[in-house]
Every structure is written in C-alpha cells, then in structure tokens.
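A short write-up of the structure that comes next.
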Amino acid sequence: MKKISILFLILASGPLMANDNVPVIKPIPLIALKKNSEQYAGVCHAVENRCTESAKVWKEKGVGEGYYLTDSTPAIIKIRKVKNNYIKDGEWSFSQYRGTDHSSDGELNREEISVFPALYPINKTEQAVALVSKWSTAYSGGGRVEEYADFLILNSNGSHQLAFKDIPFSSSEMIRACFSEEDYAKNSHCHDESWSILNLKIIDEGKSYYSWKFITRSYNWPSFTDKSSVTVETSEQVKTPLQKE
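FYI, in mature numbering (1 follows the signal peptide of the UniProt record, and there is no 0) the residues of the sequence shown are -18 to -1, 1 to 227.
Following this line, the structure appears as structure tokens:
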C-alpha cells in the first residue's frame, strides 16, 4: 500500500502568515535521538527503568531544550536539561485511553494507539499531543488503513484534557483490479488507490486559545490509468480547542 509522508504533512503549517496581520503558529516536531548518544543516555538515567524496547527518546527540533520519552503503553515523559543534569519534568499516561471505536463496519481492526512525535500549541503557555489510533484491514492484493487523532492538552499536574476528538489523520486504500496474467501484462497500474492526509494550520487570533484549521486533501488514482490521472479534493474546517460540538 502507498506510504504517506505523514510527519511532514501533519506538521506543515503553510505560510508564516495566515494573512497580513494574523500569525500562524508552527507545531514543534520531535526528533528521534540515537541510542548511542549522550543525550539518550542522560534521558534514560533520568527516567530510570522506562527506556524499554518500545521506548523512543526525542528532542524538540530547533533551539528548544525539551526532551521526551514515549512508549507503547502509551505514555509521554518530559525531561529538562539543567546544566549537565537531565531532570524529569512531567509524565502523562494514556494507558486507559481508548478513543472512538471504528470497527463498527465489521472490517477494521485496531492495530495500535501511539503518541505522534510533535507538540501542538494550544495557546502561549499550553501544548497538546496527538494520540493516534490506527485501524486496518487486508484485502486480497490490497488493504485499507485509517488513522484518527485525539489531541490532548498536557496539564502540568500530569492529567490531560481533550482538545479535539476523532480527527481524521490519514488514510489509504488499495483495491486490486487485475486478476490474470493477461491483465497484469496489459496494465502498469493494477489497483484502485485512494489516500488522504491532514495538514494543520494553527492561527493566533488574540483569543484564549489558538484557532486550528484542519485541511484534508483526498487523492484518488483509478486503476488502468497513469499517475497524471490522480484527482485531489480539499476540505477545510476551523475549530477552537475545548469547543463543544
């Protein structure tokens, strides 16, 4: 199935200005640290036994001094570096979090829930993370994958608060259209393919919370056609964190 470059697309926030006066706030990507690095060792020392096989250690991209550990439980731990010491500065567990059930159609099965490696500003002082649920099913010669995100505000006391629920994060589907050797010999593109990706723009309009514009681009590539036949549809929705539906 088609691989989607989700990290770039989810973190992309478009031009630096939404218009002449309203600034766009960029999410902060988290960059994975190598296991043999001094920083990785320092973080693991600060969190004792949390550097398990499923754990990953991250650093804020750019000049930020924040370090983070995520694991498959799932959870995220924040670590600060003070002079030469790494100090634990917060932990948020999502082990009891389930999110929305997308198995109602009888096809999709949940694969995993994971913390996406990025921090999303809610306002000037608060941030959220995306807890992503991955659902999938297999077809003969194809399959379908859907990902949905709940954006959770990280409170300083270790609790979390739902900012946005069940946001379509990405999807892809491939359906086989060739069934014989003759079909494959005649056609270079033997699948109906479709996929979608989320682009997020966070806008500071001077209110208590930033406005979030969710931009979804959906692509369709019919079988038996070349790639120039791909069509694109775009949908947009603006929401405010903690807004009642």
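Yeah, the Cβ is synthetic: ideal placement off N, Cα and C, and Gly gets one too.
Small disclaimer: the values here were computed from a predicted structure and weren't measured.
* Asked: Are residue 193 and residue 222 touching if we call contact CB-CB under 8 angstroms?
  -> For the purposes of this step, residue 193 is identified with residue 211 of the sequence shown, where counting begins at 1. For the purposes of this step, residue 222 is identified with residue 240 of the sequence shown, where counting begins at 1. Contact flag set, yes.
* Asked: Which value, in whole angstroms, describes the spacing of the CA atoms of residue 218 and residue 66?
  -> The count along the sequence shown starts at 1 and reaches residue 218 at position 236. The count along the sequence shown starts at 1 and reaches residue 66 at position 84. Cα to Cα, residue 218 sits roughly 45 angstroms from residue 66.
* Would you mind stating whether residue 165 and residue 204 have Cβ atoms separated by less than 8 angstroms? => Within the sequence shown, residue 165 is the residue found at index 183, counting from 1. Within the sequence shown, residue 204 is the residue found at index 222, counting from 1. When the beta-carbon positions are compared, residue 165 and residue 204 stay at least 8 angstroms from each other.
* **C-alpha distance - residue 130 paired with residue 27, whole-angstrom precision** => As a first step, residue 130 is located in the sequence shown; it is residue number 148 there, counting from the start. As a first step, residue 27 is located in the sequence shown; it is residue number 45 there, counting from the start. In this structure, the alpha-carbon of residue 130 lies about 33 angstroms from that of residue 27.
* **Nearest-angstrom Cα separation, counted from residue 181 out to residue -6** => Here residue -6 corresponds to residue number 13 of the sequence shown, with the count starting at 1. Here residue 181 corresponds to residue number 199 of the sequence shown, with the count starting at 1. Note on residue -6: pLDDT 47, under 50, position unreliable in the model; the coordinate value appears next. A straight line joining the alpha-carbon of residue -6 with that of residue 181 spans about 7 angstroms.
* To do: Give me the Cα-Cα distance between residue 47 and residue 146, rounded to the nearest whole angstrom.
  => The residue given as residue 47 occupies position 65 in the sequence shown. The residue given as residue 146 occupies position 164 in the sequence shown. Annotation: residue 47 to residue 146 spans about 27 angstroms, alpha carbon to alpha carbon.
* Asked: Taking the alpha-carbon positions, what's the residue 68 to residue 50 distance?
  -> Here the question's residue 68 lines up with position 86 in the sequence shown. Here the question's residue 50 lines up with position 68 in the sequence shown. So the alpha carbons of these two residues sit roughly 11 angstroms apart.
* Asked: Looking at the structure shown, is residue 131 part of a helix, part of a strand, or coil, going by DSSP?
  -> Position 149 of the sequence shown, counted from the first residue, corresponds to residue 131. If DSSP states are grouped into helix, strand and coil, residue 131 belongs with the strands.
* Asked: For the candidate residues 9, 183, 148, whose alpha-carbon lies nearest to that of residue 44?
  -> Taking the sequence shown and counting its residues from 1, the one referred to as residue 44 is at position 62. Relative to residue 44, the option among 9, 183, 148 whose CA is nearest is 9.
* Beta bridge counterpart(s) of residue 32 as assigned by DSSP -> Residue numbering aside, residue 32 sits at position 50 when the sequence shown is read from its first letter. None, per the DSSP bridge assignment.
* **Spatial distance of residue 36 from residue 82 (CA atoms)** => Residue numbering aside, residue 36 sits at position 54 when the sequence shown is read from its first letter. Residue numbering aside, residue 82 sits at position 100 when the sequence shown is read from its first letter. The C-alpha of residue 36 lies about 24 angstroms from the C-alpha of residue 82.
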